[in-house]
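The structure under discussion appears below in the form of structure tokens.
2 protein chains.
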Amino acid sequence: MSTNQNDELAQERLIDLAVEFYDQFAEGDIPHMDIPTRTKSNIVFDEDSNVWVYGDRKSTRSANSVRGARKLLKATYAIEFLVNQLEEGRSSTLRELYYLSESWDTEEAQFNDQDESNQLIEDLEIVSNVTREDFHMRPEESGATLMGPLELREQTRRGEREIHCQEDVGEGGYQIPNNPDTIEFLDHDIDFVLCVETGGMRDRLIENGFDEEYGCLVVHLKGQPARATRRITKRLHDELDLPVMVFTDGDPWSYRIYGSVAYGSIKSAHLSEYLATPEARFVGIQPQDIVDYDLPTDPLSDSDINALESELEDPRFMTDYWEEQIELQLDIEKKAEQQALASRGLDFVTDTYLPERLDTMGVI
Amino acid sequence: MSTNQNDELAQERLIDLAVEFYDQFAEGDIPHMDIPTRTKSNIVFDEDSNVWVYGDRKSTRSANSVRGARKLLKATYAIEFLVNQLEEGRSSTLRELYYLSESWDTEEAQFNDQDESNQLIEDLEIVSNVTREDFHMRPEESGATLMGPLELREQTRRGEREIHCQEDVGEGGYQIPNNPDTIEFLDHDIDFVLCVETGGMRDRLIENGFDEEYGCLVVHLKGQPARATRRITKRLHDELDLPVMVFTDGDPWSYRIYGSVAYGSIKSAHLSEYLATPEARFVGIQPQDIVDYDLPTDPLSDSDINALESELEDPRFMTDYWEEQIELQLDIEKKAEQQALASRGLDFVTDTYLPERLDTMGVI
């Protein structure tokens with residue numbers, strides 16, 4: 001769908017919400033808004049889309065209390081702001097929205113803190129089934145970079161830019177814009193997408209020419225990936241039919257990074273279909289690699305152990321593969337970083353480790 | 001100086017260090033290395049370069065103890081690694097160096113932890129008077145982005161890239177490479193450089209076309225700026241003779257961000273001449289703005305108050321301007337974010353605040 005169609009749909013959906021409040025008033029009902037309950041016990045696996053989504057349990061925001069009425073008042077002001085923003089083709093950040101509310105004429109509609117305005121935008125995303133990006137709300141966090149044989153067209157406010165993500169960029173790569181749905185994929189020579197956690201490893205792959213040798217698009221995750229990074233990863237998979245591989249450190253926090261690429265988070269299960277790439281596969285560092293390649297390690301801390309144990313209970317990690325790996329790690333009580341591969345020399349990761357792993361996984 | 005000449009110089013200086021150890025042995029002296037003491041009491045203002053540098057106090061690393069001898073052994077292994085790396089035209093990260101030492105044949109030369117290898121590289125920078133970047137040691141942290149009327153040529157491993165930082169990039173801007181000395185400035189239409197702390201404000205300026213309207217190069221600092229970001233800022237000032245302005249939140253931590261652009265840090269005073277832009281000026285948010293523009297604020301926390309009081313004692317902030325502003329802030333007990341300007345509307349920062357401030361400061 002083009003960006004303009006998205007804008008129109010977002011406007012319509014927002015106005016529909018306002019209309020709903022109006023109708024509730026007109027019919028003598030107390031205005032209210034029903035929202036799925038956002039807890040671990042209310043996420044279910046959707047077999048069709050292969051992602052975790054909210055179940056049937058709902059919470060109601062109702063004007064039957066002063067507090068509830070104030071919440072709906074804030075919602076209507078926010079809806080008006082967003083509709084105007086879309087009409088004017090502008091955008092803003094969550095933080096700007098919070099501050100901007102100070103200029104609203106009804107003091108009761110102003111936000112008390114940014115948690116409140118953030119929460120409201122998430123509520124609006126869920127009930128309207130439109131993403132924050134389509135409301136033109138920009139994240140504070142910026143996306144990361146791409147490097148590889150991909151030619152794309154980005155629709156900017158200053159016109160179109162056609163960019164090849166190896167030939168037209170510096171060593172830093174192509175900076176993913178806040179809303180990657182402004183990007184159209186033109187042409188590519190990619191065999192697989194490799195999402196890399198750390199900057200040090202991303203730079204190692206580029207310096208060693210791994211993207212050129214293997215037809216690989218390197219996506220830098222920069223730790224826990226921004227929404228823009230997850231969105232473009234999903235689009236690369238869905239639109240170009242490419243395998244997506246995730247390469248992180250070998251510790252429970254990094255498995256969560258993989259989880260957020262593949263399954264999304266519980267807090268944002270309403271966005272799973274937009275942001276998650278359930279077909280994404282984990283390359284490593286897996287606990288088995290620590291054993292097989294005799295990598296330099298650090299001992300697990302108490303919080304590492306707790307995080308691993310909590311992952312064993314997490315529906316997103318309830319597969320034979322993850323249970324085996326997590327139990328192995330709890331057994332050996334060790335973790336290793338991506339860059340620990342350098343203990344075998346700077347080329348080990350690109351000459352040996354990745355080719356072996358990707359071959360075993362049937363990717364190359 | 002071209003990158004190649006830098007490489008040769010770095011090699012020479014490293015080999016000189018090894019020769020020095022050799023000569024000390026040959027003359028029957030105990031091998032040793034003298035390094036400036038890196039404490040607050042040993043930094044002095046250098047009137048010529050207008051930056052803070054180390055004073056005359058030295059610490060000695062000497063082989064007169066087992067511990068000292070081991071330190072020098074590690075230094076010689078690291079020197080050998082760096083010289084080879086330069087010869088092969090390769091690079092690595094600090095973390096890779098730490099792990100790589102596990103492959104060294106003498107176990108005594110291997111690093112115990114990364115603090116030790118980081119510290120050694122800093123020592124080598126200081127005694128050889130060559131920067132880490134010229135050793136081809138890449139930082140873990142990546143630089144930020146540029147957007148504005150600048151055309152540059154970047155020397156990459158894959159050949160030269162000519163890039164205009166408005167016309168050839170997406171909305172995310174041009175990603176600064178790890179070593180910005182691979183960049184040559186070709187042409188520009190810049191009137192001043194504006195370094196911006198937060199992504200939200202950087203995006204606001206770009207969306208509002210501030211860079212186009214005012215001939216401004218927007219440098220995104222991304223919080224505490226990476227070395228690459230500070231280095232390119234200094235080069236823009238020195239080589240293109242451009243005013244550099246710094247725009248941050250209005251709190252003590254953000255004044256330190258300004259301080260690191262303008263003066264560098266105590267820990268890296270040996271790099272001040274390479275990284276610091278002493279002529280950089282602070283636009284705001286200044287405590288006076290909180291009063292003048294009646295901005296939404298948060299109260300100062302205890303740690304904010306402590307940080308402000310410590311800044312009053314910091315030689316880098318001992319000017320009439322900073323004393324006045326910091327005392328005003330301690331008096332009003334409030335702080336404000338850049339994005340608080342949105343309480344006056346999304347265009348207030350580009351239509352009113354920045355033009356007024358830059359006019360007052362004589363920049364536009």
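Residue numbers (the UniProt record's numbering), protein chains in the order written: chain A, 1 to 364; chain B, 1 to 364.
Glycine included, every Cβ here is placed at the ideal spot set by N, Cα and C.
Can you tell me where the alpha helix (DSSP H) holding residue i begins and where it ends?
i              : result
residue 52(B)  : Taken as a continuous stretch (DSSP letters only), residue 52(B) belongs to no alpha helix (DSSP H), being part of the beta strand (DSSP E) at 51 to 54.
residue 152(B) : Residue 152(B) -> not in any alpha helix (DSSP H); beta strand (DSSP E) instead, spanning 150 to 156.
residue 237(B) : 227 to 240
residue 67(B)  : 66 to 87
residue 115(B) : 114 to 128
residue 319(B) : First-last for residue 319(B): undefined, no H or E at that position.
residue 360(B) : 354 to 360
residue 305(A) : 302 to 312
residue 90(B)  : That residue, residue 90(B), is in no alpha helix (DSSP H); it is neither H nor E in DSSP.
residue 95(A)  : 94 to 100
Taking only beta-carbon atoms, is residue i less than 7 Å away from chain A?
i              : result
residue 352(B) : no
residue 10(B)  : no
residue 96(B)  : yes
residue 114(B) : no
residue 161(B) : yes
residue 92(B)  : yes
The beta strand (DSSP E) with residue i in it runs from where to where?
i              : result
residue 106(A) : Per DSSP, residue 106(A) belongs to no beta strand (DSSP E) and is neither H nor E.
residue 36(B)  : 32 to 36
residue 245(A) : 244 to 247
residue 61(A)  : 58 to 62
residue 46(B)  : 43 to 46
Quick one: is residue i near chain B, going by C-beta distance under 7 Å?
i              : result
residue 138(A) : yes
residue 28(A)  : no
residue 77(A)  : no
residue 225(A) : no
residue 200(A) : yes
residue 82(A)  : no
residue 171(A) : yes
residue 203(A) : yes
residue 153(A) : no
residue 102(A) : yes
residue 177(A) : yes
residue 269(A) : no
residue 1(A)   : Bear in mind that a pLDDT of 45 at residue 1(A), under 50, signals an unreliable position, so the number given afterwards is only what the model happens to contain. False, the Cβ-Cβ gap to chain B never drops below 7 Å.
Regarding residue i and the ligand COA, is the C-beta to nearest heavy atom distance less than 6 Å?
i             : result
residue 74(B) : The ligand COA is absent from the structure shown, which contains no ligands of any kind.
Return yes when the Cβ of residue j is within less than 7 Å of the Cβ of residue i, no when it is not.
i              : j              : result
residue 335(B) : residue 298(B) : yes
residue 349(A) : residue 341(A) : yes
residue 197(A) : residue 221(A) : yes
residue 111(B) : residue 103(B) : no
residue 281(B) : residue 318(B) : no
residue 296(B) : residue 99(A)  : yes
residue 14(B)  : residue 82(B)  : yes
residue 276(B) : residue 259(B) : no
residue 51(A)  : residue 279(A) : no
residue 96(B)  : residue 5(A)   : no
residue 85(A)  : residue 136(A) : yes
In chain order, what residues of the same chain have a beta carbon less than 6 Å from the beta carbon of residue i, not counting five sequence neighbours either side?
i              : result
residue 175(B) : 145
residue 211(A) : 147, 148 and 218
residue 154(B) : 161, 182 and 183
residue 78(A)  : 120
residue 344(B) : none
residue 141(A) : 226
Leaving out five residues on either side along the sequence, give the residues of the same chain with a beta carbon under 7 Å from the beta carbon of residue i.
i              : result
residue 126(B) : 35, 36 and 270
residue 287(A) : 250, 325, 328, 329 and 332
residue 189(A) : 149 and 215
residue 59(A)  : 35 and 37
residue 367(B) : Here chain B covers residues 1 to 364 and nothing more, so residue 367(B) does not appear.
residue 252(A) : 304, 307, 308 and 311
residue 68(B)  : 61 and 62
residue 366(A) : This structure cannot speak to residue 366(A), because chain A is shown only from 1 to 364.
residue 239(A) : 185
Hey, is residue i's beta-carbon within less than 7 Å of any beta-carbon in chain C?
i              : result
residue 145(A) : Within the model displayed, chain C is absent; protein chains A and B are what it includes.
For residue i, which residues from the same chain have a beta carbon less than 8 Å from its beta carbon, with the 5 sequence-adjacent residues on both sides left out?
i              : result
residue 177(A) : 143, 154, 156, 183 and 228
residue 361(B) : 245, 281 and 283
residue 30(B)  : 24, 62, 63 and 64
Worksheet item: Mind pulling the alpha helix (DSSP H) runs of 4 or more residues that sit fully within the stretch 256 to 287 of chain B?
Response: 272 to 275
Discussion item. Going residue by residue through the stretch 144 to 219 of chain B, where are the continuous alpha helix (DSSP H) segments of at least 4 residues, counting only ones entirely within it?
Written reply: 199 to 207 and 210 to 214
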